[in-house]
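Peer 1:
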Amino acid sequence: MRLLVLGGTLFLGRHIVDTGRVRGHTLTLFNRGRSDPAPVPGVEQIHGDRERDLSLLADRQWDAAIDTSGYLPRVVRASAELLAGGIDRYTFVSSISAYGTFPRPGLDEDAPTAPAPPPDAEDVVRYYSELKAACEREVEGVLPGRALVVRPGLIVGPRDPTERFTYWVRRLAGGGRVLVPRAMDQPVQLIDVRDLAGWILDLVEARATGVFNATGPATPLTFGSMLERIRSATGGRAEFVWVPEDRLAEAGVEPWGELPLWLDLPRHEAFRGFLAVDIGRARRAGLTFRSLEETVADTLAWLRQRADPPKQASDEVLPPPAGLSKERESDLLERLAT
Ligand SMILES: NC(=O)c1ccc[n+]([C@@H]2O[C@H](COP(=O)([O-])OP(=O)(O)OC[C@H]3O[C@@H](n4cnc5c(N)ncnc54)[C@H](OP(=O)(O)O)[C@@H]3O)[C@@H](O)[C@H]2O)c1
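Take the sequence shown: its position 147, counting from 1, is numbered 151 in the working numbering, and each next residue is one higher.
(1) Evaluate the contact criterion for the segment 106-119 versus the segment 40-60: three or more CB pairs, one atom per stretch, below 8 Å.
(2) If you draw a straight line from the C-alpha of F106 to the C-alpha of T219, how long is it?
(3) Indicate whether V215 and V153 have their beta-carbon atoms separated by less than 7 Å.
(4) Check whether the Cβ atoms of L111 and V300 sit closer than 7 Å, and answer yes or no.
(5) With DSSP as the reference, label E243 as helix, strand or coil.
(6) Which residues in the same chain have their Cβ closer than 7 Å to the Cβ of A151, if we skip the five residues on either side of it in sequence?
(7) How is H272 classed by DSSP in three states: helix, strand or coil?
(8) What does DSSP give as the partner residues of E144 in its beta bridges?
(9) Less than 7 Å between the beta carbons of S73 and G11, yes or no?
(10) Is L14 near ligand 1 - that is, is its Cβ less than 6 Å away from at least one heavy atom of it?
(11) The beta strand (DSSP E) spanning V9 covers which residue range?
(12) Of the choices S83, V146, T342, I20, whose alpha-carbon is the least far from that of D63?
(13) Need the endpoints of the alpha helix (DSSP H) that Y171 sits in, please.
(14) What three-state label does DSSP hand Q190 in the structure shown?
(15) Is any heavy atom of ligand 1 found at a distance shorter than 6 Å from the C-beta of P156?
(16) Using the C-alpha atoms, what's the distance from P122 back to D206?
(17) Who are the near neighbours of K330 in its chain, counting only those whose CB is closer than 6 Å to its CB and skipping five residues on each side?
(18) Classify A137 as buried or exposed, calling it buried when 16 or more other Cβ atoms lie within 10 Å of its own Cβ.
(19) In whole angstroms, what is the alpha-carbon distance linking D319 and P165?
(20) Going by DSSP, name the residue or residues bridged to D196.
(21) Is S318 helix, strand or coil when you go by DSSP?
(22) DSSP puts F34 in a beta bridge; with which residues?
(23) Sort G240, T303, F244 by Cα distance to A2 and report the nearest one.
(24) Have a look at P109, V79, L147 and flag the residue whose alpha-carbon is nearest the alpha-carbon of L135.
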C-alpha cells in the first residue's frame with residue numbers, strides 16, 4: 005500500500021514506519037525534520053510544518069494517511085480536508101485521554117468523550133483530552149465512513165521519549181533502595197509500541213474504520229505485579245521501599261509525573277478507570293501482546309545503547325520527561341521511609 009504518515013520519526017510513528025517498510029509498503033513521511041533529521045532508507049520524506057505547509061501534500065495520492073501528530077482540531081481538520089480527495093482512509097491516533105474522565109473501570113468506545121474545549125483553546129497539555137476528542141470529531145466529520153480512530157493507552161518500549169514506563173525499567177535495573185508507592189492493587193494498562201504499530205497497520209491493511217481503545221495486557225495487571233516483574237526482568241537487584249500513598253501526597257509527590265503510572269486513586273477518583281478501559285473491541289480485531297518481560301528487556305537494551313537523553317515528544321506540546329531525580333528520591337526516602 006502507499007501510506008502517508010503525518011509525523012513518523014519519534015516513537016509510535018517511527019515504529020509504524022519501520023514495520024510498514026518490513027511489510028513492503030511504500031511510505032511517505034511528512035514532518036519538520038526536527039525530531040530526527042536523518043533520512044530513513046527507502047522512505048520518501050517531505051519536510052514541512054503541518055500548520056502551514058500542507059500544500060506540499062496537494063495533488064498526491066495515497067491509499068491511507070496515518071496521523072500520529074495531531075493535537076489541534078483546526079490543524080487536523082486542515083489535513084483531513086486537504087487529503088480527502090487523494091486518500092481512501094485516514095487513521096487518527098487519538099488517546100484514551102479523549103474520554104476526559106474515568107469514573108469507573110471498563111469504559112468502552114461508546115462512552116462519551118470529553119466536551120468541546122473552550123473556543124480558541126490551544127494549550128495542548130491543559131486541554132489534551134478535549135482537544136484530542138475534538139480532533140476525532142473533525143476527522144470523522146470530514147471523512148465520514150473513512151476514518152479509523154485509535155485511542156491508545158500508555159505506549160511503552162524502545163524510543164519512548166516520555167520516561168514514564170522507562171523510569172521504572174531504568175530505576176529498577178539500577179538497583180538499591182527504590183521509592184515505590186504502596187498502591188499494589190492499582191490497575192495498570194500499557195501497550196508495547198511495536199504491538200500497537202503492527203496492529204494499526206493490520207487495521208489499515210484491512211481498510212478498517214471505526215473507533216478502538218488500544219491498550220493491554222490481555223489479563224489484568226496491577227501496579228505491584230508490574231513492579232515485581234520489571235524487577236525480576238532487570239536482574240532483581242532493587243529493594244522496594246513501599247511508602248503509603250497518603251504520605252507521598254502529604255509530601256507533595258506528584259502522581260504520574262514524579263512516580264509514573266501511580267495514580268493516587270484515593271485522591272483522584274476521576275482516574276479510577278484510566279488504566280482499566282475495555283479492550284474487547286480491539287482484541288476481537290486482532291490486537292495481541294508480547295510479554296511484559298520482552299518489553300522490559302528491549303527497553304533496557306535500547307536505554308543502554310541510547311546516546312542522548314530523551315527528546316521531547318513533539319517538543320512544544322508535551323510535558324517534560326517523567327520520574328524522580330536521584331536527589332529528590334534520596335530526599336524522599338530519607339524523610340518518608342521510616
Ligand atoms: N506516548 C503515549 O503514551 C501516548 C498515549 C496515547 C496516545 N498517544 C498519541 O500517540 C501519538 C504518538 O506520537 P509520536 O510522538 O510517538 O509519533 P511520531 O510520529 O513518532 O512522532 C511525532 C512526529 O510528528 C512530527 N511533528 C510534530 N509536530 C509537527 C508539525 N507541526 N508539523 C509536521 N510534523 C510534526 C515530528 O517530527 P518533527 O518534530 O521533525 O516535525 C514527528 O515525526 C500522539 O498522537 C499521541 O497523542 C501517545
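Cβ atoms here follow ideal geometry from the backbone N, Cα and C, with glycine treated the same way.
Peer 2: According to the data block:
(1) In short, these stretches do not touch, since the Cβ pair count stays below three.
(2) It is roughly 15 Å from the alpha-carbon of F106 to the alpha-carbon of T219.
(3) A contact, by the Cβ cut-off of 7 Å.
(4) Pairing L111 with V300 gives a Cβ-Cβ distance that is not under 7 Å.
(5) The answer is strand: DSSP assigns E243 an E or B state.
(6) Hits under 7 Å: Y94, F96, V143, E144, T213.
(7) DSSP places H272 in the coil class of the three-state scheme, outside both helix and strand.
(8) E144 pairs with nothing; no bridge assigned.
(9) It is a contact, given that the beta carbons lie within the stated cut-off.
(10) Flag set: Cβ of L14 near ligand 1.
(11) DSSP places V9 inside the beta strand (DSSP E), whose first and last residues are 6-10.
(12) For D63, the nearest C-alpha among the options comes from S83.
(13) Taken as a continuous stretch (DSSP letters only), the alpha helix (DSSP H) holding Y171 covers 169-178.
(14) Note: Q190 maps to coil in three-state DSSP.
(15) Yes - ligand 1 has a heavy atom lying nearer than 6 Å to the Cβ of P156.
(16) D206 and P122: Cα-Cα distance of roughly 36 Å.
(17) Nothing listed; no residue qualifies.
(18) By the 10 Å Cβ count, A137 comes out buried.
(19) Residue confidence for D319 is low, a pLDDT of 49 falling below 50, so the modelled location carries little weight; the figure read from the coordinates is stated next. For D319 and P165, the gap between their C-alpha atoms comes out near 10 Å.
(20) Bridge partners of D196: V160.
(21) Reliability fails at S318, whose pLDDT of 49 lies under 50, so the model's placement of it is uncertain and no value is given.
(22) By DSSP's assignment, F34 forms a beta bridge with L10, I50.
(23) Residue 2 lies beyond the residue range present for the chain, which begins at 5 and ends at 342; the question has no answer from this structure.
(24) Minimum Cα distance to L135 is reached at V79.
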